[in-house]
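Novice: Just passing along the structure, written as C-alpha cells.
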Amino acid sequence: MLNGKSILITGGTGSFGKKFTERILNEYDPKKIIIYSRDEFKQDVMRKNFSIKYPDKVHKLRFFIGDVRDKERLYRAFKDIDYVIHAAAMKQVPACEYNPFEAIKTNIHGAQNIVDAAIDCNVKKVVALSTDKAVNPINLYGGTKLVSDKLFISGNAYSAGHGTVFSVVRYGNVSGSRGSVIPFFEALIKEGKKVLPITDTRMTRFWITLDEGVDLVIKALKESRGGETYISKIPSFKITDLAFAMLNNADIEEIGIREGEKLDEVMVAKDDSRMTYEYEKHYIIYPHFDWWNSQNHMTPGGKLVEDGFEYNSGTNKEWLNVQKLREVLKKEGLYDYEKYK
288 MLNGKSILIT GGTGSFGKKF TERILNEYDP KKIIIYSRDE FKQDVMRKNF
338 SIKYPDKVHK LRFFIGDVRD KERLYRAFKD IDYVIHAAAM KQVPACEYNP
388 FEAIKTNIHG AQNIVDAAID CNVKKVVALS TDKAVNPINL YGGTKLVSDK
438 LFISGNAYSA GHGTVFSVVR YGNVSGSRGS VIPFFEALIK EGKKVLPITD
488 TRMTRFWITL DEGVDLVIKA LKESRGGETY ISKIPSFKIT DLAFAMLNNA
538 DIEEIGIREG EKLDEVMVAK DDSRMTYEYE KHYIIYPHFD WWNSQNHMTP
588 GGKLVEDGFE YNSGTNKEWL NVQKLREVLK KEGLYDYEKY K
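This is the structure:
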C-alpha cells in the first residue's frame with residue numbers, strides 16, 4: 288500500500304516520527320517521506336542518524352521546516368502527498384496549562400489547517416495521533432486534543448466522501464518517549480537515589496510501545512474509510528510497580544497529584560460504547576453522524592461492546608506486574624534492571 292507513495296509526518300522528529308520512518312523504510316519502498324517540523328537542530332540530527340543507518344535510502348527523506356500553525360507552508364508541503372500522519376502537538380500537560388493560547392494555536396488551529404490543506408491538496412488519507420487524555424479531559428492538553436479529534440472526524444463531512452479520508456488513532460503513554468517517567472526514574476537511580484517520587488500511589492496507566500503505536504497507525508492507513516477512532520488493546524500497570532521494577536525495594540515518596548492529572552486513564556468512555564466495536568487486537572469507535580453509513584464504512588469482523596463499557600486503565604483485564612515490566616523494559620531497550628539492582 289505504501290510502496291511508491293509520498294508520506295508526510297508532522298512533528299516527524301519526535302519519538303513516534305523517527306520510529307514510523309524507520310518502519311516504513313524497513314518494510315516498504317516509499318517514493319519519499321517528508322519530515323515536517325519546526326526544529327532545525329532536531330532535523331539535522333535525524334538526517335545524520337538516518338544517513339548512517341540507511342545510506343541507500345536516506346535520499347527518500349525530505350526535511351521541511353514548518354509549523355502546523357502556518358497554513359501557507361502546509362499547502363506547499365502537502366503538494367503531491369498521498370498520506371499524512373499528524374503527530375505534531377504540544378503534549379506536556381504543565382506547559383499547556385501555563386501557555387493555553389499557544390496550546391490552542393498548535394493543537395486546535397493546527398488541526399484545522401491540516402484538514403483544510405489535506406482536502407484542497409487532494410491528500411488520500413490523514414491519520415491523526417490522539418491520546419487517552421482527550422477522553423473526559425480535565426486538563427487543557429486533553430481538551431485541545433478532544434477538539435482536534437472532533438475536527439479530524441468531521442473533516443470527512445467536508446471532503447464529502449469523495450476526497451480525503453480522515454481517521455484518528457488513540458493510545459496512552461508511550462513507553463520511553465519524551466516525557467515518559469522511565470528516563471526520569473533512571474536518572475535518579477543513576478545518581479544513587481533510593482527514593483523515587485510518585486504523585487499518587489494509586490495511579491495506573493496504559494502501556495504501549497512505539498512499535499505497537501506504529502502498527503495501529505499502519506492499520507488505520509490500510510483500513511480506514513473515514514471517521515474511525517482506533518484504540519489498541521494494551522496492558523495496564525501501576526506506577527508503583529514500575530518504580531519497583533526499576534529499583535528493587537525502592538522507597539516511594541508520595542508528592543501529591545499534579546494539576547490536570549488523573550488517577551486512571553480512559554480510552555473508551557461509557558458514552559462512546561454505543562458506537563464502539565471490539566476486534567481481536569483493537570477497538571474502533573465509529574462516528575455518529577448522518578453522513579456516516581455503517582454498511583459502507585464499517586470494518587468487518589467487529590462486535591458491538593456492551594452498553595456502558597469503559598476501557599479504563601484501572602479496570603483493565605490485562606496487567607503488567609513487576610517482573611513483566613522488567614522484561615518489557617529490557618526487551619524494548621528502555622532500561623536494564625540488572626545493571627542497577
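According to the numbering used here, the stretch in the sequence shown is residues 288 to 628, in order. Just so it is clear, CB atoms sit at the ideal spot from N, CA and C, and this is done for glycine as well. None of the values given here were measured: they were computed from a predicted structure.
1. Give the straight-line distance between the Cα atoms of Lys-377 and Asn-400, rounded to the nearest whole angstrom.
2. Specify the secondary structure class of Ala-375 as computed by DSSP and reduced to three states.
3. Can you tell me whether Met-288 is buried or exposed? The criterion is at least 16 other CB atoms within 10 Å of its CB, across all chains shown.
4. For Ala-415, which beta-bridge partners are listed by DSSP?
5. Can you tell me the Cα-Cα spacing of Gly-397 and Asp-357, whole angstroms?
6. Beta-carbon within less than 6 angstroms of Asn-603's beta-carbon, same chain only, minus the 5 sequence neighbours each way: which residues are those?
7. Mind checking whether Val-461 and Ser-467 have CB atoms under 8 angstroms apart?
8. Counting only runs that start and end within the stretch 545 to 620, where is the alpha helix (DSSP H) found for 4 or more residues in a row?
9. If you draw a straight line from the alpha carbon of Gly-514 to that of Lys-626, how long is it in whole angstroms?
10. Could you check which residue in Glu-473, Pro-317, Asp-502, Glu-597 has the C-alpha nearest to that of Gly-620?
11. Tell me which same chain residues have a C-beta within less than 8 angstroms of the C-beta of Arg-545, skipping the five on either side of it?
12. I'd like to check one pair, Ile-571 with Thr-586: are the Cβ atoms closer than 8 angstroms?
13. Suppose contacts are defined by Cβ-Cβ distances below 8 angstroms. Is Val-456 in contact with Val-504 by that definition?
14. With a Cβ-Cβ cutoff of 8 angstroms, do Arg-349 and Ile-321 count as a contact?
15. Between which two residues does the beta strand (DSSP E) holding Val-482 run?
16. Determine the contact status of Asp-551 and Ser-600, defining contact as a CB-CB distance below 8 angstroms.
17. Grouping DSSP H, G and I as helix and E and B as strand, with all else coil, what is Arg-492?
18. Select from Asn-443, Glu-540, Asn-536, Glu-567 the residue whose C-alpha is nearest the C-alpha of Pro-574.
19. DSSP beta-bridge partners for Thr-297?
20. Is the separation between the beta-carbon of Ser-338 and that of Gly-298 shorter than 8 angstroms?
21. Using the DSSP secondary-structure output, state which residues sit across from Glu-541 in a beta bridge.
22. Would you check if the distance between the CB atom of Arg-512 and the CB atom of Val-414 is smaller than 8 angstroms?
23. With DSSP collapsed to three states, give me the class of Ser-462.
24. Taking 8 angstroms as the cut-off, does the stretch 383 to 390 touch the stretch 410 to 428 (at least 3 CB pairs, one atom from each stretch)?
25. Using beta-carbon positions only, say whether Arg-492 and Gly-459 come within less than 8 angstroms of one another.
26. Quick one: give me the first and last residue of the beta strand (DSSP E) that Ser-523 is part of.
27. Any Cβ of chain D within less than 8 angstroms of the Cβ of Trp-606?
28. Here's the rule: buried if 16 or more other CB atoms are within 10 angstroms of the residue's CB, otherwise exposed. What is Lys-509?
29. In the structure shown, what three-state DSSP assignment does Arg-512 receive?
30. Going by the beta-carbon positions, is the gap between Leu-438 and Ala-364 smaller than 8 angstroms?
31. Write down the C-beta distance between Leu-529 and Ile-476 rounded to the nearest angstrom, noting that I regard them as a contact closer than 8 angstroms.
32. Taking DSSP as the reference, what is the three-state secondary structure of Ser-446?
Specialist: By the coordinates alone:
1. The sequence shown places Met at residue 377, rather than the Lys named in the question. Near 16 angstroms, if we compare the C-alpha coordinates of Asn-400 and Met-377.
2. Coil at Ala-375, not helix or strand.
3. By the Cβ-count criterion, Met-288 is exposed, with fewer than 16 other Cβ atoms from all chains shown falling within 10 Å of its own Cβ.
4. According to DSSP, which records beta bridges pairwise, Ala-415 is partnered with His-373, Val-455.
5. Cα to Cα, Gly-397 sits roughly 8 angstroms from Asp-357.
6. Excluding residues within five positions, the ones whose Cβ falls inside 6 angstroms are Ser-523.
7. Contact annotation: Val-461 and Ser-467 have beta-carbon atoms nearer than 8 angstroms.
8. Note on the stretch 545 to 620: whole alpha helix (DSSP H) runs with a minimum of 4 residues are 581 to 584, 609 to 618, in chain order.
9. Approximately 46 angstroms, taken between the alpha carbons.
10. Checked all of Glu-473, Pro-317, Asp-502, Glu-597; the closest Cα to Gly-620 is Glu-473.
11. Apart from the 5 residues on each side of it in sequence, Arg-545 sits with its Cβ closer than 8 angstroms to the Cβ of Val-380, Pro-381, Thr-486 in its chain, given in chain order.
12. For Thr-586 and Ile-571, yes; Cβs fall inside 8 angstroms.
13. Yes, they are a contact pair.
14. If you check the CB distance, Arg-349 and Ile-321 come in under 8 angstroms.
15. Run containing Val-482: 482 to 485, per the beta strand (DSSP E) assignment.
16. Yes; because the gap between Cβ atoms is below 8 angstroms, this pair is in contact.
17. If DSSP states are grouped into helix, strand and coil, Arg-492 belongs with the strands.
18. Out of Asn-443, Glu-540, Asn-536, Glu-567, Asn-443 has the C-alpha closest to the C-alpha of Pro-574.
19. Within the DSSP secondary-structure output, Thr-297 pairs in a beta bridge with Tyr-323, His-373.
20. Contact flag unset, no.
21. Partner residues in the beta bridge of Glu-541, as assigned by DSSP, are Ile-485.
22. Taking C-beta atoms as the reference points, Arg-512 and Val-414 fail to come closer than 8 angstroms.
23. Three-state result, Ser-462: coil.
24. Contact holds: three or more Cβ-Cβ distances are below 8 angstroms.
25. Judged by beta-carbon spacing, Gly-459 lies within the 8 angstroms limit of Arg-492, meaning their Cβ atoms are closer than that value.
26. Element bounds for Ser-523: 523 to 525.
27. Absent from the structure is chain D; it holds one protein chain and no more.
28. It counts as exposed.
29. DSSP places Arg-512 outside both helix and strand once states are collapsed to three, so it counts as coil.
30. No, Cβ-Cβ distance for Leu-438 and Ala-364 is not below 8 angstroms.
31. That belief does not hold up - the Cβ atoms of Leu-529 and Ile-476 are roughly 12 angstroms apart, past 8 angstroms.
32. In the three-state reduction of the DSSP assignment, Ser-446 falls in the coil class, being assigned neither a helical nor a strand state.
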